[in-house]
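A short write-up of the structure that comes next.
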């Protein structure tokens, strides 16, 4: 699933205008420098990239079925959604 991880890191790095090498799995979106609008845009880009639907409520992210607490959590959740699609 390295391809998935690498592509998610690339998408989020582009949104934060950072080098992908600067991102670490334990970093939160806030640590990365992504605000709520940037997070929503990143989620849309991830959905489009992997042809999945992410169960994320932008109006109430803490009560969403999609863990956005860290980059690693986002990667893990997307990997599960992609695997379930197959």
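In UniProt numbering, the protein residues as written are 1 to 86. Every residue, glycine too, gets a C-beta built ideally from N, C-alpha and C.
Span of the alpha helix (DSSP H) around residue 77: Numbered from 1 along the chain shown, position 77 holds the residue referred to as residue 77. That run of the alpha helix (DSSP H) goes 71–85.
Best match in 3, 11 and 81 for proximity to residue 40 [C-alpha to C-alpha]: Against the chain shown, residue 40 aligns to sequence position 40. Closest option to residue 40, Cα to Cα, is 11.
Local conformation of residue 6 per DSSP, three classes: In the chain shown, residue 6 corresponds to position 6, counting from 1. Residue state, collapsed to three classes: helix.
Rounded C-alpha distance that separates residue 33 from residue 16: Translated into the one-based positions of the chain shown, residue 33 becomes position 33. Translated into the one-based positions of the chain shown, residue 16 becomes position 16. Approximately 6 Å, taken between the alpha carbons.
Identity of the residue in 50, 67, 56 and 83 nearest residue 8 by Cα: Here residue 8 refers to the residue found at position 8 when the chain shown is read from its first residue. When C-alpha distances from residue 8 are compared across 50, 67, 56 and 83, the shortest belongs to 50.
Which of helix, strand or coil DSSP assigns to residue 44: As a position in the chain shown, residue 44 is number 44, starting the count at 1. In this structure, DSSP gives residue 44 a helical state, which the three-state scheme calls helix.
Span of the alpha helix (DSSP H), counted from its first residue to its last, around residue 55: If you number the chain shown from 1, residue 55 lands on position 55. Counting along the chain, no alpha helix (DSSP H) covers residue 55, and no H or E run does either.
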